[in-house]
Amino acid sequence: SLNEKEEDINLAIKKIDEFKNKLEDIKQMQDLYEILQPLRTQFELNLARIYVLNPKTKEDAFNKSILWIKEHLEFMELVYGHIKAQENALIKNILPLEEKLKERKLDKWMERVRR
Numbered sequence: 002s003l004n005e006k007e008e009d010i011n012l013a014i015k016k017i018d019e020f021k022n023k024l025e026d027i028k029q030m031q032d033l034y035e036i037l038q039p040l041r042t043q044f045e046l047n048l049a050r051i052y053v054l055n056p057k058t059k060e061d062a063f064n065k066s067i068l069w070i071k072e073h074l075e076f077m078e079l080v081y082g083h084i085k086a087q088e089n090a091l092i093k094n095i096l097p098l099e100e101k102l103k104e105r106k107l108d109k110w111m112e113r114v115r116r
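Quick note: the sequence shown uses the working numbering, first residue 2, plus one each step.
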């Protein structure tokens, strides 16, 4: 029924909000936060377009909630893609550094580089 779906939607929105709050509280990820800032700005603009929709019926309100959730899921997918790209770039660039350290017999620095 529509009421059960509405409860599920509200629970999903609550979980998304909790996730966003946790993400914003992470101070150690300042570099990542800066990298993702353009994505976040576009995301917030997209949310604003959804937020100003004025539902006239329960079905309209339901559809607005679905749009809200979809926008968050798309944002999370983009964030994941950016994180994977950053990880791949770091790994790709760490390998030559490790080789140089081995060449120069500076193995003691290897663990530090890997962290």
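Using N, Cα and C, we set each Cβ at its ideal position, and we do this for glycine too.
Keep in mind that this is a model prediction, so the values were computed, not measured.
- Contact between the region 35-48 and the region 74-87 is present, with at least three C-beta pairs closer than 8 angstroms.
- Distance from the CA of Met111 to the CA of Leu98, rounded to the nearest whole angstrom, comes to 9 angstroms.
- Of the residues assessed, Ser66 falls on the buried side of the cut-off, its CB having 16 or more other CB atoms within 10 angstroms.
- Taking a C-beta distance under 7 angstroms as the contact criterion, Leu33 and Leu79 do not qualify as a contact pair.
- Distance from the CA atom of Glu104 to the CA atom of Ile36, rounded to whole angstroms, is 33 angstroms.
- Taking 7 angstroms as the cut-off, the Cβ atoms of Ile51 and Ala13 do not count as close.
- The beta carbon of Lys6 lies closer than 8 angstroms to those of Phe63 in the same chain, with the five residues before and after it left out.
- Arg113 and Tyr81 have their C-alpha atoms some 25 angstroms from each other.
- Annotated three-state conformation of Ser66 is helix, per DSSP.
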